[in-house]
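Asker: Can you keep this structure in mind? I'll have questions shortly.
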Amino acid sequence: MKLICATNRSAVFEMDFSTPYYAPYEYDVLLDGVKVKACKENVFSVYSLNPDTEYTVQANGERVTFTTAKESAFVDVRFHGVIGDGFYDDTMCIQTALNTAPEGATVYFGKGVYRSSSLFIKSNITVYLDKGAVILGVNDRKRYPVLPSCVGDGVYLTSWEGEAEASFASLINISGASNVAITGEGVIDADAQHGDWWRDPKTKRIAWRPRTIQIVNSDSVVIEGVTVQNSYSWTVHPLFSKNVKLLNISIKNPSDSPNTDGIDPESCDGVDIIGVNIHVGDDCIALKSCKYELAMKVKKPCINITVRNCHLDSGHGGVVIGSEMSGGVKNVVAENCLMTSTDRGLRIKTRRGRGKMAVISNLVFKNVEMRDVKTPFVMNMFYFCDVDGHSEYVQSRSPLEIDDRTPFLDSFVFENINAVGACHAGCYFDGLPEQPIKSIKLKNVKISFTREEVSPGLAAMSDGCKLVAKQALYAENVSELVLENVEFSGYDGEKLILKNVDSCNEI
352 MKLICATNRS AVFEMDFSTP YYAPYEYDVL LDGVKVKACK ENVFSVYSLN PDTEYTVQAN
412 GERVTFTTAK ESAFVDVRFH GVIGDGFYDD TMCIQTALNT APEGATVYFG KGVYRSSSLF
472 IKSNITVYLD KGAVILGVND RKRYPVLPSC VGDGVYLTSW EGEAEASFAS LINISGASNV
532 AITGEGVIDA DAQHGDWWRD PKTKRIAWRP RTIQIVNSDS VVIEGVTVQN SYSWTVHPLF
592 SKNVKLLNIS IKNPSDSPNT DGIDPESCDG VDIIGVNIHV GDDCIALKSC KYELAMKVKK
652 PCINITVRNC HLDSGHGGVV IGSEMSGGVK NVVAENCLMT STDRGLRIKT RRGRGKMAVI
712 SNLVFKNVEM RDVKTPFVMN MFYFCDVDGH SEYVQSRSPL EIDDRTPFLD SFVFENINAV
772 GACHAGCYFD GLPEQPIKSI KLKNVKISFT REEVSPGLAA MSDGCKLVAK QALYAENVSE
832 LVLENVEFSG YDGEKLILKN VDSCNEI
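All residue numbers for the sequence shown refer to the numbering used here, where the first residue is 352 and numbers rise by one.
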């Protein structure tokens, strides 16, 4: 057991179990010798602690002693006239509490429903949502301020799907701040299902849709324990930020809610996503680095990302790279994760036009379990997004000239992965003819297909992808494919379909 993070009123711990997300058995958690919970997950938190106090946590025979952070003041939002009845608009009173809290303070939300539009959190404070506390978004989009994409000399406030576009301010905004924590057992609920946010989602009305939580140009931010749900669009969006920790949170959006990705770090350096439980209507976790024009201005890749002990459920993809990745994505480790009922598991998507900085490299995916994931592995360099996604330039199967708009997929390792209940394809790797995927290594991988009848479906979103059912492995335009202790069972047709693959060992 190790301590991941301690704030002034909570702490997060991670057990060293080999089973993904869930522990192999239930265990008790004791705080200073007193049982506080029985836990089934590998990551757990303890709450309602006192600041600047030493505690000892015991679990599964392990013991960790730690000290909570100091606190300068305790500010209950109700001191500032907040009603918290779920009907009265508390935005102004909550913002007053946030603005006037001294450095090092905790702003406290007790049990209640706090109706609000956009809130802005400054540096060096903690927001604590106690059990039973709900920040509930207002439904009228006119109550949300519009943020310009950029102010001053390259200072960005927001973006929309990788482009410098104005959008509504998020429900929770951390912008240009440092040393911020949002923690507790409460709920941040955008309440988007009761507004018009999901109607015509690709139509800009006044401005683009907000995120539920956006972290922009910020450093040392912790979000821990809370549940975030019913998002307007992407749920948690760290953008141009450093040292972000997203720990033991739950994200819940309806399976049919449009573009409600769970966590989308974009052009960030150092993001830890640990112990997170996500159920959404789009990609669960998507690593991004802007589209071409914005990426050429900011030149910030998405680097040093850790995804560990997460449960990724429903949605289009489990752990996803792209498709807005023109600044590159590097140094990613995803491990000990459970994926259930997603369309795709480990998914990489890009296309011509993303640019020569659009390099994905040093990615390792290991110790992953997938259940009823339609296509466990997808690498697609013909992703048909954007208005020109079906154009000849993007979708041509003939080799084009390598230029400043050509992306590159480097080397990838998929290790110790067990996927059961696949239906469309086990592996679908589709590189560019002029720029093949450099290297894919699968080691200790087992993929079994469902025994039920399966209707053919799309393994990848590209014009060249045919509808398939129970196809084991398809690889096209790959320089090196290494298959070490790889097993497929229950598939139909040929085991390996290889086109323009320079090197592949037999299995």
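The beta-carbon is built from N, C-alpha and C at its ideal position, and this holds for glycine as well.
These figures come from a predicted structure and were not determined experimentally.
Does residue 828 come out as helix, strand or coil in the three-state DSSP assignment?
Answerer: The answer is strand: DSSP assigns residue 828 an E or B state.
Asker: When the Cα of residue 556 is compared with those of 826, 608 and 497, which residue comes out closest?
Answerer: When each option's Cα is compared against that of residue 556, the closest is 497.
Asker: What is the DSSP secondary structure of residue 370, counted as helix, strand or coil?
Answerer: Coil, per DSSP.
Asker: Rounded to whole angstroms, what's the CA-CA distance from residue 566 to residue 526? Just pull it up for me.
Answerer: Whole-angstrom Cα-Cα distance: 6 Å.
Asker: Would residue 365 and residue 394 be called neighbours here (beta carbons separated by less than 7 Å)?
Answerer: For residue 365 and residue 394, yes; Cβs fall inside 7 Å.
Asker: Check for me: the alpha helix (DSSP H) holding residue 416 runs from which residue to which?
Answerer: Counting along the chain, residue 416 falls outside any alpha helix (DSSP H), though it belongs to the beta strand (DSSP E) covering 413 to 418.
Asker: To the nearest angstrom, report how far apart residue 794 and residue 669 are at their CA atoms.
Answerer: Cα-Cα distance, rounded: 20 Å.
Asker: Excluding the five sequence neighbours on either side, which residues of its own chain have a C-beta within less than 6 Å of the C-beta of residue 511, listed in chain order?
Answerer: So the qualifying residues of the chain are 518 and 559.
Asker: What are the boundary residues of the beta strand (DSSP E) that includes residue 850?
Answerer: Residue 850 -> beta strand (DSSP E) spans 847 to 855.
Asker: Between 478, 664, 679 and 585, which lies nearest to residue 757 when the distance is taken from Cα to Cα?
Answerer: Cα-wise, what sits closest to residue 757 is 679.
Asker: Using a 10 Å radius around the Cβ and a threshold of 16 neighbouring Cβ atoms, would you call residue 851 buried or exposed?
Answerer: That one is exposed.
Asker: Based on Cα-Cα distance, which residue from 466, 591 and 580 lies nearest to residue 606?
Answerer: Closest option to residue 606, Cα to Cα, is 580.
Asker: On the DSSP bridge list, what partners appear for residue 511?
Answerer: Answer is 514, bridged to residue 511.
Asker: Using 8 Å for Cβ pairs, my map puts residue 590 next to residue 575. What's the rounded Cβ distance?
Answerer: Rounded, the Cβ-Cβ distance is 20 Å, inconsistent with contact.
Asker: Check for me: the beta strand (DSSP E) holding residue 433 runs from which residue to which?
Answerer: Residue 433 -> no beta strand (DSSP E), and no H or E assigned at all.
Asker: Could you tell me whether the Cβ atoms of residue 495 and residue 501 are closer together than 7 Å?
Answerer: Not closer than 7 Å, so no.
Asker: What is the residue span of the beta strand (DSSP E) that residue 730 lies within?
Answerer: That run of the beta strand (DSSP E) goes 726 to 731.
Asker: Would you mind working out which of 514, 809 and 818 sits nearest residue 640, comparing C-alpha positions?
Answerer: Nearest of 514, 809 and 818 to residue 640, Cα basis: 514.
Asker: Grouping DSSP H, G and I as helix and E and B as strand, with all else coil, what is residue 588?
Answerer: Strand.
Asker: Residue 647 lies in the alpha helix (DSSP H); which residues open and close that run?
Answerer: That run of the alpha helix (DSSP H) goes 643 to 649.
Asker: Comparing the C-beta of residue 768 with each C-beta of chain D, is any distance below 7 Å?
Answerer: Among the chains of the structure shown, chain D does not appear; only one protein chain is present.
Asker: Counting C-beta neighbours from all protein chains within 10 Å, is the total for residue 728 16 or more, i.e. buried, or is it exposed?
Answerer: Classification for residue 728: buried.
Asker: For the 8 Å Cβ check, are there 3 or more pairs between the segment 766 to 779 and the segment 738 to 754?
Answerer: Segments in contact, no.
Asker: By Cβ distance, which residues of its chain are closer than 6 Å to residue 768, with the 5 residues on each side in sequence left out?
Answerer: 719 and 796, listed in sequence order.
Asker: When the Cα of residue 406 is compared with those of 361, 828, 461 and 530, which residue comes out closest?
Answerer: Selected option, being the one with the closest Cα: 361.
Asker: Going by the beta-carbon positions, is the gap between residue 676 and residue 701 smaller than 7 Å?
Answerer: Result yes, Cβ atoms of residue 676 and residue 701 sit closer than 7 Å.
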